[in-house]
Structure formats: C-alpha cells, structure tokens
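Each residue of the sequence shown is one higher than the one before, starting from 62 at the first, in our numbering. Presented below is the structure to which this report refers.
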Amino acid sequence: MRVLLTGGSGFIGSHIALLLLEKGYDVLIIDSFVNSSPNAIKAIKNYLDDKNLNYNLKTINCDIRDKQLLGKIFIDSAKEFNPIQTVIHLAGLKSVSESFINPLLYWDVNVCGTENLLATMNENECYSIVFSSSATIYGLTDSIPITEDHKISPINPYGKTKVAIENMFYDLYRSNISSWKICSLRYFNPAGAHPSGFIGEDPVGIPNNLFPYITQVASGRRKFVNVFGDDWETNDGSGVRDYIHIMDLSEGHIRALDFLCSNKSCLEFVNLGSGKGYSVFQIISQFEQSTGSQIPFSIQSRRDGDLAKSYADISKAKNLLGWAPKRSLEQICLDGWKWQRKNPNGYT
Ligand code: UD1
Numbered sequence: 062m063r064v065l066l067t068g069g070s071g072f073i074g075s076h077i078a079l080l081l082l083e084k085g086y087d088v089l090i091i092d093s094f095v096n097s098s099p100n101a102i103k104a105i106k107n108y109l110d111d112k113n114l115n116y117n118l119k120t121i122n123c124d125i126r127d128k129q130l131l132g133k134i135f136i137d138s139a140k141e142f143n144p145i146q147t148v149i150h151l152a153g154l155k156s157v158s159e160s161f162i163n164p165l166l167y168w169d170v171n172v173c174g175t176e177n178l179l180a181t182m183n184e185n186e187c188y189s190i191v192f193s194s195s196a197t198i199y200g201l202t203d204s205i206p207i208t209e210d211h212k213i214s215p216i217n218p219y220g221k222t223k224v225a226i227e228n229m230f231y232d233l234y235r236s237n238i239s240s241w242k243i244c245s246l247r248y249f250n251p252a253g254a255h256p257s258g259f260i261g262e263d264p265v266g267i268p269n270n271l272f273p274y275i276t277q278v279a280s281g282r283r284k285f286v287n288v289f290g291d292d293w294e295t296n297d298g299s300g301v302r303d304y305i306h307i308m309d310l311s312e313g314h315i316r317a318l319d320f321l322c323s324n325k326s327c328l329e330f331v332n333l334g335s336g337k338g339y340s341v342f343q344i345i346s347q348f349e350q351s352t353g354s355q356i357p358f359s360i361q362s363r364r365d366g367d368l369a370k371s372y373a374d375i376s377k378a379k380n381l382l383g384w385a386p387k388r389s390l391e392q393i394c395l396d397g398w399k400w401q402r403k404n405p406n407g408y409t
C-alpha cells in the first residue's frame, strides 16, 4: 500500500517513514526541506541498507501549497498502478514564537497548504488521512489529565492554525460522510530518537524545546539550560509536561493507519502522550542520571505563553487504536543522547 507522507524528512516524519518502510509500506515522502535536511532521508536509507532490508521509498521536493505539483504526484502514482491510498500529513510550521511574528505565513503554510492537500485528495478519490495536531490547541487548563473533549482554546497563532485544520476536517467529513476516514492525532511532547542513533531531532538554530536543548548542553554545543520559571504551581516550581518517546509516537501513527484501513468512514481526534507529567527539574535530573552527563542550568523568568502543567489522558488511544506507550523517560534520555553523541552537529 502506498502512503503519502508529507513532511517526511522532519523529526517526526523521518521516524514514521522508517517504521513504515520496515513494515513493508510503500512510502512517498514529500517535503519542502525548509526546516529539515535531505540527509535525514539518506540516514533512513543507510539504516535500512545496513539491515539488508528491501524497501520502496520515493522522495519529492514539494511544498504542500503547490497545487499543480501535488496533483501531478497523485496522478503519476495512479499511472504507475500504485495509487496513493492514504496520507500521513505532518508538513507544516511549528514554532510558537515565530507564529506570533509571522502569523500569515502560518495560516498560509498550515491552513492553505492543508486545504490544498485535502482538495487534491478529494479530486483523486483518496479519502484517508492521519494528521499531526497538537496539544497546544487545548490552551490554558486546570483540568489535568487532558481528555479529547477538553475545551479547545489555543493561545497562539500556531495552535489556532491546528484548530482551523481540525474544523476543516469536521466540515469535509460532514460533506461526504460515507467516504472520509480522518484521524487527527494531538501530540504532547515528542522527544528522544530512534534507538540506532541513525536519525533524531535536529532543530534549525537555537532549539525552542526543552529536550533538544538539554542534549545540546550535554554535547557541549550550549553552555546551560535556561529553566523558564521555578515559581509555577507544581511540586518543584518548574513546568510539567508529557514527554512521549518518538518511537511510541510513530507507532501511534501506524495504529491510526491500521484503524482507518479497518473502518468504513470516521472522524476521530486522539491524544498521543505518555499520560505522565514530568517537571523541567525532573527531566534534567533523569537525563543526568541516565547518561552520566552534567547539565548546568540557570533559572530565568517564565516564558510567554507557557502554562504550569500539561499531560494527556491517553485512554482514548488505548481503547480506540489499541495503542499504549512502551518506552520510559530513561529510554527517551538514552536514545536522545545516543543520537546527539553520534551526530554532534545533527545532519550537517
Ligand atoms: C512547545 C510549544 C507547543 C508545541 C510543542 C512541540 C510553546 C509555548 N509551546 O510546547 O505549542 O506543540 O512545543 O513539542 O512553545 N523549557 C525550559 N527551557 C527551555 C525550553 C523549555 O525551561 O529551554 C520548559 C518550558 O517552560 C516547559 C517545558 O520546558 O515547561 C517544555 O517546553 P517545550 O519543550 O518548549 O514544550 P511545550 O512548551 O510543552
């Protein structure tokens, strides 16, 4: 079965691609490479070649806003008697701070790009899509753990674009209820790397997120971690989040794909997290303990738009998709560190 994977060379996309290929799917990656490196694809191939695995992987440089090229990709696949049967859609911009500075770019890439993709799918009678949504759509909350029916109230433009896309799904599904199969996965905090150390997270510039920042401090690329606030209403005063191993997250996508294949038509919104909350101080200390590295830190004031605590209720993913995370926080630290040590400068 041919799967179109948009954003397949990014952190999450590369891990999903590798898993799909190992499981025998035919994978067609499209990526504009604005925030990722084609070397991630090379690393996937190196890993599979190393294992002597046969695989079907094709990569096309394509921005999802390019309607003509998208259409051609679907038509060419059909001409090859290998039509795209389902889409895993990850392509998009994801920096909260950048989305405040350039909101129109976020609406253009994320919302218009997705509209383009859905229209092209519709025209080519491909009605199955797994989408990368985000826990950021829940906004500020007192009700922890967060279930999927929690109020949707994003506090940044990036989150608003994810909500707009989910709303698009509602309307599209209602317009053709017998055909569409849609599963929107709301990620909490993906972290870690493939256990081989071949692929991992390689953010462009200074990492916004805690985990890649810690691994870059451990490798000596940065001096210390800035802890954004030690006065939150949490046990130790630092922010609490739900870190999910990238391999668990990737397996969640395969389960979602299987779920769509075995169902008639559906529209589902599902949290993917570990279901556990850890504070910034706990993460630093677990990383030090697991890897033997020293992680110096400095307390800073709170970051704009942050919240005290966020972690997922993952019962829906368990019940609906038969999925559960298997890897511990220690595994996240070990695998993330292995990737960083093997590739101190990422893919460059
Ligand atoms: C962030 C985004 C969220 C996005 C998610 C993707 C913001 C406000 N939110 O979530 O929309 O979906 O990444 O993974 O950017 N921290 C530090 N020092 C750092 C970095 C982070 O102390 O250098 C703290 C934060 O204050 C927070 C925790 O670490 O308490 C996790 O932060 P981060 O990794 O940026 O994730 P989120 O804020 O949950």
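Cβ coordinates follow ideal geometry from the N, Cα and C atoms, glycine included. Model, not experiment: these values are computed from the prediction.
Taking all protein chains shown into account, V286 has 16 or more neighbouring C-beta atoms within 10 Å of its C-beta and is therefore buried. In this structure, Y339 and L390 form a Cβ contact; the two beta carbons are roughly 6 Å apart against a cut-off of 8 Å. Shortest gap from the CB of T202 to any heavy atom of the ligand UD1: 8 Å or more.
Collapsing the DSSP output to three states places R283 in coil. Here the region 134-151 makes contact with the region 190-201; the two share three or more CB pairs at distances below 8 Å. If the five residues before and after I356 are omitted, its C-beta is found closer than 7 Å to the C-beta atoms of I275, V278, A279, V286, I345, F348 and E349, all from its own chain and listed in chain order. Relative to the Cα of A225, the nearest Cα in the group P273, S257, C173 and I393 belongs to C173. Per the coordinates, the alpha-carbon of K284 lies some 52 Å from the alpha-carbon of E184. For the pair H306 and L79, the CB atoms are not nearer than the 9 Å cut-off. Residues of the same chain with a CB within less than 8 Å of the CB of S359, apart from the 5 flanking positions on each side, are F285, V286, N287 and V288 in chain order. Its chain contains L382 and W384 as the residues whose beta carbon lies nearer than 6 Å to that of R316, once the 5 sequence neighbours on both sides are disregarded; these appear in chain order. Residue environment analysis places G281 among the exposed positions, since fewer than 16 neighbouring C-beta atoms fall within 10 angstroms of its C-beta. Every alpha helix (DSSP H) stretch that sits fully inside the region 327-364 and reaches 4 residues is listed by chain position as 341-352. The DSSP-derived three-state label of T295 is coil. Distance from the Cα of C123 is smallest, within the candidate group P144, D110, E141 and A152, for A152. Taking a C-beta distance under 9 Å as the contact criterion, D263 and S98 qualify as a contact pair. By the criterion of at least three beta-carbon pairs nearer than 8 Å, the region 193-205 is in contact with the region 370-377. Judged by their CB atoms, S160 and T120 are not nearer to each other than the 9 Å cut-off. Excluding five sequence positions before and after D169, the CB atoms of its chain that fall closer than 8 Å to its own CB belong to R126, given in chain order.
For H306, the enclosing beta strand (DSSP E) has its first and last residue at Y304 to H306. Residue pairing by DSSP places L118 opposite V88 in a beta bridge. I393 and G336 do not touch by the CB rule: their CB atoms are close to 14 Å apart, not below 8 Å.
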